[in-house]
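Residue numbering for the sequence shown follows UniProt numbering, beginning at 1 and increasing consecutively.
This report concerns only the one structure given below.
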Amino acid sequence: MSSNNESIGKTLGVVVSLCLVCAVVVSVASVQLRPLQQANKIQDVQRNILAAAGFKDVKDVEATFKANIEPRVIDMKTGEYVDVDHSSFDFESTKYDAARSFAIPKEDDLAGIQRMTHNSPVYLAKDESGQVSTVILPIQGYGLWGVMFGFLALDDDGQTIKAIQFYKHNETAGLGGEIQNPKWTATWNGKQLPVDIVKGTAGDNEHKIDGLSGATLTSNGVDNTIDFWTSNKGFGPFLAKVRKGALN
């Protein structure tokens, strides 16, 4: 019996020791890899901004972004530029910082995101002559299963859509997940604000977009997201200045 107890005790000791060692290794690895994970996250956002601006299959994301995109930060109420570091924004977490954000009244929360920041980054893509040719706006809104994060690219008239680019969501693959399908996102090019996602085929109507087959709730979520962020509750004050030629 003593031998059996000793054996069980030793086994438990080995198991506990192994668990402690593994926990320490995982913790150390997590701390050491955190800067790399953050850098990868930033680069992924930059890659999607570039894609929205028309830069596809970019090899050196950081260099291409630096050379072609000018990040600015605006006051959402006035649309004016403010002196705030754009890199201090995390689109998933900054809106929960009470000092930098506010709760959206339920009756105004068309996108279903609950909170938004007082300021927001916008991204200005320039052409070869140095003129701003594209405005990229960060957008987010609730789909079927969670918040969808993306970018809406507009021409320098602040009215014509050039691209829509979703980079993170929880929508169902093959249904709502088709918001990332290049065939569908290509149908947005050239459409005019305001837009409406419709069931069936939109045809040549410049204000209508084909709905996603079998994904009505996701389509509604995208529709509500665009409506919210292009309204006066979102980037409306900034877009009003863009339409008056403020970019160039």
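C-beta: ideal position from N, C-alpha, C; glycine also.
Where the alpha helix (DSSP H) containing residue i begins and where it ends
i	result
V242	G236 to R243
P182	P182 to T185
F55	Element bounds for F55: n/a, residue is neither H nor E.
Endpoints, the beta strand (DSSP E) within which residue i is located
i	result
T134	V132 to Y142
T64	No beta strand (DSSP E) holds T64; the alpha helix (DSSP H) holding it covers V61 to N68.
D210	K208 to D210
I226	Segment T216 to W229 is the alpha helix (DSSP H) holding I226; no beta strand (DSSP E) there.
F102	S101 to A103
K199	That residue, K199, is in no beta strand (DSSP E); it is neither H nor E in DSSP.
G150	V147 to D155
L175	No beta strand (DSSP E) contains L175, which DSSP labels as neither H nor E.
V122	N119 to K126
Interface flag, residue i vs chain B, CB-CB below 9 Å
i	result
E171	Among the protein chains of the structure shown there is no chain B, as only one such chain exists.
Straight-line Cα distance separating residue j from residue i
i	j	result
Q38	F102	25 Å
T187	V16	58 Å
S2	L12	Summary for S2: the model assigns pLDDT 49, below 50, so the residue's position carries little reliability, and this model does not support an answer.
L193	T216	21 Å
F55	G200	30 Å
L22	Q159	Before going further, note that residue 22 is Cys rather than Leu in the sequence given. Straight-line Cα distance between these residues: approximately 55 Å.
A246	T230	17 Å
S87	L18	40 Å
L20	V14	10 Å
N224	V24	46 Å
N119	V73	7 Å
P121	K10	58 Å
D83	T117	15 Å
L50	K66	10 Å
R243	Y81	16 Å
N205	T64	35 Å
T94	G143	20 Å
Beta-carbon proximity check, residue i vs residue j, cutoff 9 Å
i	j	result
G211	M76	no
I136	F149	no
G141	A111	yes
K126	E62	no
Q218	L175	Before going on, a small fix: residue 218 reads as Thr here, not Gln. Yes, the Cβ-Cβ distance between T218 and L175 is below 9 Å.
F238	D109	no
V195	I209	yes
residue 276	A240	Beyond the ends of the chain as shown, which are 1 and 248, falls residue 276; an answer cannot be given.
Residue burial classification, residue i (beta-carbon count within 10 angstroms, cutoff 16)
i	result
N170	exposed
E128	exposed
Y123	buried
L36	exposed
K183	exposed
Q131	exposed
N189	exposed
I8	exposed
K59	exposed
G146	exposed
A153	buried
D44	exposed
G214	exposed
K106	exposed
N48	buried
Member of the options whose CA lies at the smallest distance from the CA of residue i
i	options	result
Q165	D155, D157, I139 and Q159	I139
I104	I49, A53 and Q114	Q114
H207	K191, T218 and K106	K191
A52	D108, E80 and I161	I161
E92	D196, K168 and A240	K168
residue 258	D90, Y81 and T64	Absent from the structure is residue 258, since the part of the chain shown begins at 1 and ends at 248.
I197	Y96, N68 and G221	G221
D155	D57, Q46, G177 and N248	N248
The ligand ZN heavy atom lying under 8 Å from the CB of residue i
i	result
T117	Judged by which ligands are present, the structure shown has none, so any question about the ligand ZN falls away.
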